[in-house]
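In our numbering, each residue's number is its place in the sequence shown (first place is 1) plus 403.
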Amino acid sequence: MKEVPLCSACTRHLKGEHESANVDESWKCSLCFGMLDSHFIDRVAAEAKDNFDKNPYDSTNFVLALNMPVTTILREAILGCTNETTFANGTLTSVPFKLRVVQSYIDKIQAATGLRPTLNSDLTLTVTLCNDEFNASDLAFLMSRFPDQFRVPKKKRRFAADVPIDSIYNKARVAAILTKLKAENTISYKMSSPTRECTFSVVFEREPIFIASRYCKFSRNLPQSPWTASVDIPKVRGNSVCEKIASPFIRVAKCDSTRFIASGREDIDVRMLGSGRPFALQLINPHLTAPFRGEQLGESLKKIAEEINSQCDIRLGAPLRRISMKETESLKVRQDGTLLETQAGTYVKEFVHGDFGRTRPSLADLLKVEHGEVDILDLDVDNVDMEWPPPDGSLG
């Protein structure tokens, strides 16, 4: 392998403290693509600070998730295979490349944002560093030497031509190949310098919060989720069960959005009575979580419940309770009950009018009447037989 173009940082890491760089710009480094350049890291840290200042979180710590170009992972392994003697004075074999990159970023991001880095935080800062100019050539190189790693199942072969490179040449596949990599496989690999700088993005994201309860619906003109009778008719904002319940949570948690998870649904003209329908509300990327932790949790949920119950068309049928994501899985199993007992998948309306003869037996079929001669005037759901919310846990 010819002389490898390296920046000053990678030269020190690979060859030792007394060696000099052989590229005039750090982004031309064939290993780090300039990701270890102090000025580049300053830009990333400044972007993280700007992002956090504009959209703050009530957190004092963070976890750093660093996504690097796949090519850099492959090249580190190739250098380790082919240049063990050349780089004997450096730290390549003792300190993984990504660990060096992570440490370089953590210190400056902490200084810029004031957030303390940790391995256990509900706030994650994802820094994505991008340079894909070698993806196609790297893929061709690996496919020629490890064809078995890229075999397409027969059922998928006719779609293989449409598969994007990113779905084939990815970290997981390269990591699997690295265990089989040997010096003789890498001799012809060209450690070319990139022709452009890496681009980057920074994104803060917090773990979601899940709230459980049951809702009663007293209106025959209120859908469970935003709905309109025609694409030409705009949806009425706030005119759905999920929006009416989610609105106070969005205001208190400053979350980006919500996801409403219910144990089934009733039609827009069907009332939900009794103890209500079980539901869970997912608060996505909440910026404020203090109201939902510790001593504040009970008071916050009480005030939100009062606001929801002040509306005339819906009411909570059970106390609000914070739950874990795993506990929401039980909402997939449900049973609906009223004067006619049914199980999930049975539609009461179709059982009555027959749905143009498609549902048999039906009340219309048993009465031997034509379609349209029997129908439901009003329908109420009196009970959803399910223990919900789950018993109090240790959340909060």
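Even for Gly, the Cβ is constructed at its ideal location relative to N, Cα and C.
{"Item": "Residue from F455, P597, V634 whose Cα sits closest to the Cα of T463", "Value": "F455"}
{"Item": "Straight-line Cα distance separating R724 from A693", "Value": "15 Å"}
{"Item": "N- and C-terminal bounds of the beta strand (DSSP E) containing L734", "Value": "No beta strand (DSSP E) contains L734, which DSSP labels as neither H nor E."}
{"Item": "Pick from E422, D445, V473, E608 that is closest to F465, judged by C-alpha positions", "Value": "E608"}
{"Item": "Assigned secondary structure, D551 (DSSP; H/G/I helix, E/B strand, else coil)", "Value": "helix"}
{"Item": "For K657, the three-state DSSP class (helix, strand or coil)", "Value": "coil"}
{"Item": "Per-residue burial, S666 [other beta carbons within 10 Å of its own, 16 or more giving buried]", "Value": "buried"}
{"Item": "Anticipated Cβ contact below 8 Å, I568 with F553, distance rounded", "Value": "Actually they do not touch by this definition, with Cβ atoms about 12 Å apart."}
{"Item": "Sheet register partners of K519 (DSSP bridge)", "Value": "What sits at residue 519 in the sequence shown is Arg, not Lys. R519 pairs with N464."}
{"Item": "Selection from S713, N712, I671, N688 that minimises the alpha carbon distance to K752", "Value": "I671"}
{"Item": "Reduced DSSP category for L625 - H, G, I as helix; E, B as strand; rest coil", "Value": "coil"}
{"Item": "Residues near A767 by beta carbon distance below 6 Å, same chain, minus five either side", "Value": "H756, G757, V777"}
{"Item": "Beta-carbon gap between L434 and L469 smaller than 8 Å", "Value": "no"}
{"Item": "Euclidean distance between Cα positions of Q699 and V634", "Value": "43 Å"}
{"Item": "P689, DSSP secondary structure in three states", "Value": "strand"}
{"Item": "Exposure of W791, with buried meaning 16 or more beta-carbon neighbours within 10 Å", "Value": "buried"}
{"Item": "The segment 578 to 588 / the segment 658 to 665 touching (three or more Cβ pairs under 8 Å)", "Value": "no"}
{"Item": "At least 3 beta-carbon pairs within less than 8 Å: the segment 439 to 446 vs the segment 500 to 516", "Value": "yes"}
{"Item": "Within 8 Å, strictly: CB atoms of V647 and I717", "Value": "The sequence given here has Lys at residue 647, not Val. Yes, they are a contact pair."}
{"Item": "Proximal residues to E610 (C-beta, below 7 Å), its chain only, five neighbours per side dropped", "Value": "D525"}
{"Item": "As assigned by DSSP and simplified to three states, the class of D783", "Value": "strand"}
{"Item": "Rounded C-alpha distance that separates P499 from N712", "Value": "56 Å"}
{"Item": "Cut-off 7 Å between Cβ atoms - residues of its own chain near Q513, not counting five sequence neighbours on either side", "Value": "R519, P520"}
{"Item": "First through last residue of the alpha helix (DSSP H) which encompasses G700", "Value": "One detail in the question is off: residue 700 reads as Leu in this sequence, not Gly. Start and end: 697 to 712."}
{"Item": "P637 versus L625: straight-line alpha-carbon distance, rounded", "Value": "15 Å"}
{"Item": "Identity of the residues DSSP links to Y572 by a beta bridge", "Value": "The partner list for Y572 (beta bridge, DSSP) is empty, contrary to what the question assumes."}
{"Item": "Same chain, Cβ closer than 6 Å to K501, five either side skipped, listed in chain order", "Value": "none"}
{"Item": "Burial state of P459, where buried means 16 or more other Cβ atoms lie within 10 Å", "Value": "exposed"}
{"Item": "Distance between C645 and T741 (C-alpha atoms, nearest Å)", "Value": "Annotation note: pLDDT 44 at T741 (below 50); position unreliable, no value reported."}
{"Item": "Proximity below 8 Å, CB of C410 to CB of D440", "Value": "yes"}
{"Item": "Rounded distance between the beta-carbons of L467 and V530, thought under 8 Å", "Value": "7 Å"}
{"Item": "Residues bridged to M675 [DSSP beta-bridge criterion]", "Value": "K620, V784"}
{"Item": "Local Cβ density within 10 Å of L769, reported as buried at 16 or more and exposed below that", "Value": "exposed"}
{"Item": "Endpoints, beta strand (DSSP E) assigned at T531", "Value": "526 to 533"}
{"Item": "Chain-order list of residues whose beta-carbon lies under 6 Å from that of V357 (same chain, five-residue window excluded)", "Value": "Within the shown structure, residues of the chain are numbered from 404 to 799, placing residue 357 beyond reach of any answer."}
{"Item": "M546 burial status per 10 Å Cβ neighbour count (16 or more: buried)", "Value": "exposed"}
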